[in-house]
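**Student:** Here the protein sequences come in this chain order: A and B. Under this note's numbering, read the first sequence as residues 2 to 271, first letter to last. Under this note's numbering, read the second sequence as residues 127 to 393, first letter to last. Glycine included, every Cβ here is placed at the ideal spot set by N, Cα and C. Take this structure first; my questions come after.
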Amino acid sequence: MPFFAYATAFLLLPSGVVLVGAFKSDKGKFTFDNLSTVVHTPEYVRAFKTSIEISLVTAIIGGTLGLLLAYAAVRNGTPRWIRPLLTTFSGVAANFAGIPLAFAFIATLGFTGIVTKLLNDHLGVNLYRHGFTLFSFWGVALVYLYFQIPLMILVIAPAIDGLRTEWREASSNLGASSFQYWRHIGFPVLLPSVLGATILLFGNSFAAYATASQLGGVSLVPIIIGQNIGGDVLSNPHLSQALAFGMIIVIATSMVLYTLVQRRASKWMK
Amino acid sequence: MRTRISFSAVTWLLIGGVYFLVPLVATMLFSLQSGSNSSYSLSAYGTVIHDRTFWKTLQLSVELALETIAISLVLLVPTAYWVHLKLPRVRPYIEFMTILPFVVPPIILVVGLLKFYNGTIHAPLWFLEKPHYFLTSAYVILAFPYVYRSLDAGFRAIDIHTLTEASQSLGASWRTTMGRVILPNIRTAALGGAFLTLAIVMGEFTIASLSAFFTFPTYIQQVNAEKVYEAAALSLVSFGITWAAMLGLLFVGRGSGRNRTQPAGGR
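What follows is the structure, encoded as structure tokens:
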């Protein structure tokens, strides 16, 4: 089938070259040197640590806020028009990333950003003198949340729909409090979906390049690979393949976890 | 039973609203600052509109998006049809292929593509130098998961066995069956995949910038180096394009059951 030929040419072979290249010396011989260099260079180890940390932080915070927002939108009593508005906006925001997102936040919270100036001129709060900077770990995390929260809303909304009203009614008929309902029914049913979605968010952030490349300030693995392609920092092409190999290991692990969790999650979905 | 909106729901929705709207409003105000001495003006937008590079890169990105959509559909419509009709056992392999672009994100794909086509084998220059060849090839891979899933859902919703048999027992050729029976029935699914692809390609920066092509997102980045107000204006334009694509998706999804907005990746 032409599909498989295409996928082989532009996906399988290029990925294979990266995997094989990670284990090749300059002379084309098999070696563990590249991986060993990555593991023994503090700069690269730190980059992996930072990448994993920022992905964990934005997955957990983004996951929690996304869940709360999605739930707030479908709750009994919330006006009906909120939900379609929220999901449509989430569709846009989850796709609105990279260059324009980075610039939008620079225009908002950068040195001369609108909000930075507003706080300084009217409230006398100088963010940057108080230690805040957009070009730091937490700054980048704040920007990443702009696509992480919407992704959570999109992924988790069907699972929240899966919570049937009958369960809630049955439990309150049996005298359970709202807390007891969540403790024994709502939370356990949602848990696998929430875990799965959070893993997805982790991978989403881990692979992100464009947004962080414009903000700077944090050295993430994709950024180092990008600099390496640009050719200014490192000269060994096999090193960037070794870094890419490391990224693939992390993402593949999270994908395996996701599949396992997803199997549990589908139990309650119709 | 009608209950009043709960306090905590209001609180969270308000916090969410502020977080999501403030950067957009601020970007707009920022882009209006370009006038002399702190008066607001539309001059940043004027500069952008009169910049020929803006139109050129925008046109290039739109062309790349259309090419990507066309190639994806030509490759995937027959594949998805065939898998549903005759070869269900191939399905796991295709599903593996649609997950792979997540495991091999753009930043790694571009490393592999450059290494393979400009090292392992020496691809002809027209392939490496023309965005219409090199970038489109990569973008079709990025679009795979979204287009395939959209089409898969479309084929699931119709009874293609009966449709195919009915068409053939009336004497229609394969081409007629495909063109006049199958395609009209999955038009919505195909359009849905197309709008997502449009959103992806119009925002894709990683591959374009690292393989040194000058598309709309790389143009925005270049503008930012010297003209920050114009870059803010362009960021809003880009946001508008994403909105338009998502509204398109919502619009074609209407009437065909649930609309399935999926996250794509320009990050």
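1) Answer yes or no: does any C-beta atom of chain A fall closer than 7 Å to that of Arg306 (chain B)?
2) Does the Cβ of Ala171 (chain A) have 16 or more other Cβ atoms within 10 Å, making it buried, or fewer, making it exposed?
3) For Val378 (chain B) and Pro343 (chain B), I'd like the C-alpha separation in whole angstroms.
4) How many Å lie between Phe112 (chain A) and Arg169 (chain A) at the Cα?
5) List, in order along the chain, the chain B residues whose C-beta lies closer than 8 Å to that of Thr109 (chain A)?
6) Of all Cβ atoms in chain A, is any one closer than 7 Å to the Cβ of Met223 (chain B)?
7) Counting pairs of beta carbons, one from the region 94-113 of chain A and one from the region 214-224 of chain A, are three or more of them closer than 8 Å?
8) Check whether the Cβ of Met2 (chain A) lies closer than 7 Å to any Cβ atom in chain B.
9) Of all the residues that make up the region 338-350 of chain B, which are near chain A by a beta-carbon distance shorter than 7 Å?
10) My assumption, with CB atoms under 8 Å, is that Leu317 (chain B) sits in contact with Ala371 (chain B). Please give the rounded CB distance.
11) When the cut-off is 7 Å and only beta carbons count, does Gly217 (chain A) lie next to chain B?
12) From B:Ile326, B:Ile141 and B:Thr153, pick the residue whose C-alpha is nearest to that of Ala358 (chain B); which is it?
13) Does Thr302 (chain B) get closer than 7 Å to chain A when you measure Cβ to Cβ?
14) Just grab the DSSP bridge partners of Asn244 (chain B) for me.
15) Output yes or no for whether 7 Å exceeds the beta carbon distance between Ala269 (chain B) and Ile333 (chain B).
16) What does the Cβ neighbour count give for Ser173 (chain A), buried or exposed, with the cut at 16 atoms within 10 Å?
17) In three-state DSSP terms, what is Phe31 (chain A)?
18) Note down the Cα distance separating Ala6 (chain A) from Leu12 (chain A), rounded to an integer number of angstroms.
19) Helix, strand or coil, according to DSSP, for Lys353 (chain B) in the structure here?
20) Between which two residues does the alpha helix (DSSP H) carrying Trp168 (chain A) extend?
21) Out of B:Gln347, B:Ile312, B:Ser132 and B:Tyr355, which has the shortest C-alpha to C-alpha gap to Arg275 (chain B)?
22) For Arg178 (chain B) and Met328 (chain B), what's the separation of their Cα atoms in angstroms?
23) Once the 5 residues before and after Val75 (chain A) are set aside, which same chain residues still bring their CB inside 8 Å of it?
24) Verify the CB distance criterion: does Gly318 (chain B) have a CB-CB separation below 7 Å to chain A?
25) With a threshold of 16 other CB atoms inside 10 Å of the CB of Gly63 (chain A), please say whether the residue is buried or exposed.
26) Ignoring anything shorter than 4 residues, give me the alpha helix (DSSP H) runs that lie fully in the region 182-222 of chain A, in order along the chain.
27) Rounded to the nearest angstrom, what separates Leu147 (chain B) and Leu362 (chain B) at their Cα positions?
28) List the whole-angstrom C-beta distance separating Leu277 (chain B) from Val203 (chain B), where the pair is believed to meet the contact cut-off of C-beta under 8 Å.
29) Hey, is Thr9 (chain A)'s beta-carbon within less than 7 Å of any beta-carbon in chain B?
30) Could you check whether the Cβ of Ser137 (chain A) sits closer than 7 Å to any Cβ belonging to chain B?
31) Taking 7 Å as the cut-off, decide whether the C-beta atoms of Leu376 (chain B) and Thr89 (chain A) are in contact.
32) How about Val273 (chain B) and Thr194 (chain B): do their beta carbons lie closer than 7 Å?
33) Specify the secondary structure class of Lys25 (chain A) as computed by DSSP and reduced to three states.
34) With a 10 Å radius around its C-beta and 16 neighbouring C-beta atoms as the bar for buried, classify Glu330 (chain B) as buried or exposed.
35) Going by DSSP in three states, Ala71 (chain A) sits in which element: helix, strand or coil?
36) Excluding the five sequence neighbours on either side, which residues of its own chain have a C-beta within less than 7 Å of the C-beta of Val349 (chain B), listed in chain order?
**Tutor:** To lay it out plainly:
1) Not a single C-beta of chain A is nearer than 7 Å to the C-beta of Arg306 (chain B).
2) With fewer than 16 Cβ atoms within 10 Å of its Cβ, Ala171 (chain A) is classed as exposed.
3) In a straight line, the C-alpha of Val378 (chain B) is about 26 Å away from that of Pro343 (chain B).
4) Using only the alpha carbons, I get a separation of about 49 Å.
5) Taking a Cβ-Cβ threshold of 8 Å, the residues of chain B close to Thr109 (chain A) are Val148, Pro149, Ala152, Thr153 and Phe156, in chain order.
6) Output row for Met223 (chain B): interface = yes.
7) Yes, they touch.
8) Yes, its Cβ sits closer than 7 Å to a Cβ of chain B.
9) Of all residues in the region 338-350 of chain B, Pro343, Ile346, Gln347 and Asn350 have a Cβ within less than 7 Å of some Cβ in chain A.
10) Not a contact, Cβ separation roughly 11 Å.
11) Judged by the 7 Å Cβ criterion, Gly217 (chain A) is not in contact with chain B.
12) Considering only alpha carbons, the answer is B:Thr153.
13) Residue-level contact check: Thr302 (chain B) does not touch chain A, since none of the beta carbons of chain A fall below 7 Å from its beta carbon.
14) DSSP lists B:His248 as partners of Asn244 (chain B).
15) Not a contact, by the Cβ cut-off of 7 Å.
16) The residue is exposed, with fewer than 16 neighbouring Cβ atoms inside 10 Å.
17) Reduced to three states, the DSSP call for Phe31 (chain A) is strand.
18) Straight through space, the alpha carbons of Leu12 (chain A) and Ala6 (chain A) are spaced by roughly 10 Å.
19) When DSSP states are grouped into helix, strand and coil, Lys353 (chain B) belongs to the coil group.
20) Here the alpha helix (DSSP H) through Trp168 (chain A) covers Thr166 to Asn174.
21) Of B:Gln347, B:Ile312, B:Ser132 and B:Tyr355, the smallest CA-CA separation from Arg275 (chain B) is found for B:Ile312.
22) Between Arg178 (chain B) and Met328 (chain B), the C-alpha separation is close to 18 Å.
23) These residues qualify, in order along the chain: Arg84, Ala158, Ile161 and Asp162.
24) Residue contact check for Gly318 (chain B) against chain A: no CB pair falls below 7 Å.
25) Sixteen is the threshold: when 16 or more other Cβ atoms of the shown chains lie within 10 Å of the Cβ of Gly63 (chain A), as they do, the residue is buried.
26) Fully contained in the region 182-222 of chain A are the following alpha helix (DSSP H) runs of length 4 or more, in chain order: 188-207 and 211-216.
27) Whole-angstrom Cα-Cα distance: 12 Å.
28) In this structure, Leu277 (chain B) and Val203 (chain B) form a Cβ contact; the two beta carbons are roughly 6 Å apart against a cut-off of 8 Å.
29) Answer no: the Cβ-Cβ gap between Thr9 (chain A) and chain B never drops below 7 Å.
30) It does not; no Cβ of chain B falls within 7 Å.
31) Taking 7 Å as the cut-off, the Cβ atoms of Leu376 (chain B) and Thr89 (chain A) count as close.
32) No, the Cβ-Cβ distance between Val273 (chain B) and Thr194 (chain B) is not below 7 Å.
33) Residue state, collapsed to three classes: strand.
34) Here Glu330 (chain B) is buried. Its C-beta has 16 or more other C-beta atoms within 10 Å.
35) It is helical.
36) In the same chain as Val349 (chain B), and ignoring 5 residues on each side of it, the C-beta atoms closer than 7 Å to its own belong to Glu356, Ala357 and Leu360, in chain order.
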